[in-house]
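Asker:
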Amino acid sequence: MNVLPEGFNFKSREYTFICFCFALKSLLIKSAGAIGASLYLLLTPVLAAPKPILEELLSVNQTLGGRHVKYPAGKPEMRFFRATLPAGAKFPLHVHPSPVIVYVQEGTLTNVRLVDGQELRDVIPAGGGFLEGSPDEPHYVVNQGVEPVVLLVTFASVEGLPNLTRIKQ
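For the sequence shown, the numbering used here begins at 11 and goes up steadily by one.
1) Using a Cβ-Cβ cutoff of less than 6 Å, which residues in the same chain neighbour residue 132 once the five nearest sequence positions on both sides are dropped?
2) By the 10 Å Cβ neighbour count, where 16 or more other Cβ atoms means buried, how is residue 123 classified, buried or exposed?
3) Quick check on this structure: which residue in 166, 174, 178 has the alpha carbon closest to the alpha carbon of residue 87?
4) So residue 159 and residue 91 are in contact, right, with Cβ under 8 Å, and what is the actual spacing, rounded?
5) Going by beta carbon distance, what residues of the same chain come within less than 8 Å of residue 175, once the five residues before and after it are set aside?
6) For residue 145, which of 153, 161, 173 has the nearest alpha-carbon?
7) According to DSSP, which residues form a beta bridge with residue 116?
8) Quick one: residues in its chain with C-beta nearer than 7 Å to the C-beta of residue 179, no 5 flanking neighbours on either side, listed in chain order?
9) From residue 129 to residue 151, what does the alpha carbon distance come to, in whole angstroms?
10) Output the boundary residues of the beta strand (DSSP E) element that contains residue 149.
11) Can you give me the C-alpha to C-alpha distance between residue 114 and residue 141, rounded to a whole angstrom?
12) Residue 132 lies in the beta strand (DSSP E); which residues open and close that run?
13) So which of 65, 154, 147, 135 has the shortest CA-CA distance to residue 177?
14) What are the boundary residues of the beta strand (DSSP E) that includes residue 94?
15) Looking at the structure shown, is residue 83 part of a helix, part of a strand, or coil, going by DSSP?
16) Label residue 134 either buried or exposed according to how many other C-beta atoms from any shown protein chain fall within 10 Å of its C-beta, with 16 as the threshold for buried.
17) For residue 169, I'd like the list of residues in its chain whose CB is within less than 7 Å of its CB, leaving aside the five on either flank, ordered along the chain.
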């Protein structure tokens with residue numbers, strides 16, 4: 011059974027051109043697919059991998075009273091706390107024997123300290139912070155607002171040293 015039309019010539023230019031176009035089209039489709047797949051495989055890990063975000067929250071070199079802190083001698087020990095002060099809560103008058111960084115995560119904190127015989131106040135909102143650790147600056151912190159205050163507190167201390175020493179009034 012002959013499926014070719016009568017008079018069809020295999021050597022005709024049209025047939026050669028059609029075969030060439032079909033082969034070229036097939037090659038282009040395969041090449042484009044391979045290139046596309048290669049680009050997808052190469053770029054996907056780069057596009058999908060999230061970049062880390064590093065945000066410095068606080069950098070300080072002196073206390074609110076303008077004093078520099080001293081690091082205690084001994085075996086270093088870092089301590090990290092989250093403290094929550096409900097409305098009206100207070101840490102009583104104290105000093106820190108080692109440097110302390112306080113970051114206010116939520117709420118508004120009032121820091122009251124005694125510097126050269128004067129009582130000084132600072133109000134630190136969420137996103138702010140301060141450095142403590144001078145024995146010459148007794149202080150207390152209080153939540154004078156209606157919402158809880160959440161603090162992130164880091165002590166650069168040494169083994170066996172307390173975080174704070176209360177001052178009797």
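By construction, the Cβ of each residue, glycine as well, lies at the ideal position given by its N, Cα and C atoms. Fair warning: this is a prediction, and the values are worked out from it, not measured in the lab.
Answerer: Answer, in terms of the structure:
1) Excluding sequence neighbours, residue 132 sits near 74, 121.
2) The residue is buried, with at least 16 neighbouring Cβ atoms inside 10 Å.
3) Nearest C-alpha to residue 87: 166.
4) Wrong, their Cβ atoms sit about 13 Å apart, outside the cutoff.
5) 104, 105, 106, 107
6) 173
7) Beta-bridge pairing links residue 116 to 160.
8) 103
9) 13 Å
10) 149 to 152
11) Their Cα atoms are separated by approximately 12 Å.
12) 128 to 135
13) Checked all of 65, 154, 147, 135; the closest Cα to residue 177 is 147.
14) 86 to 95
15) coil
16) buried
17) Hits under 7 Å: 84, 85, 87.
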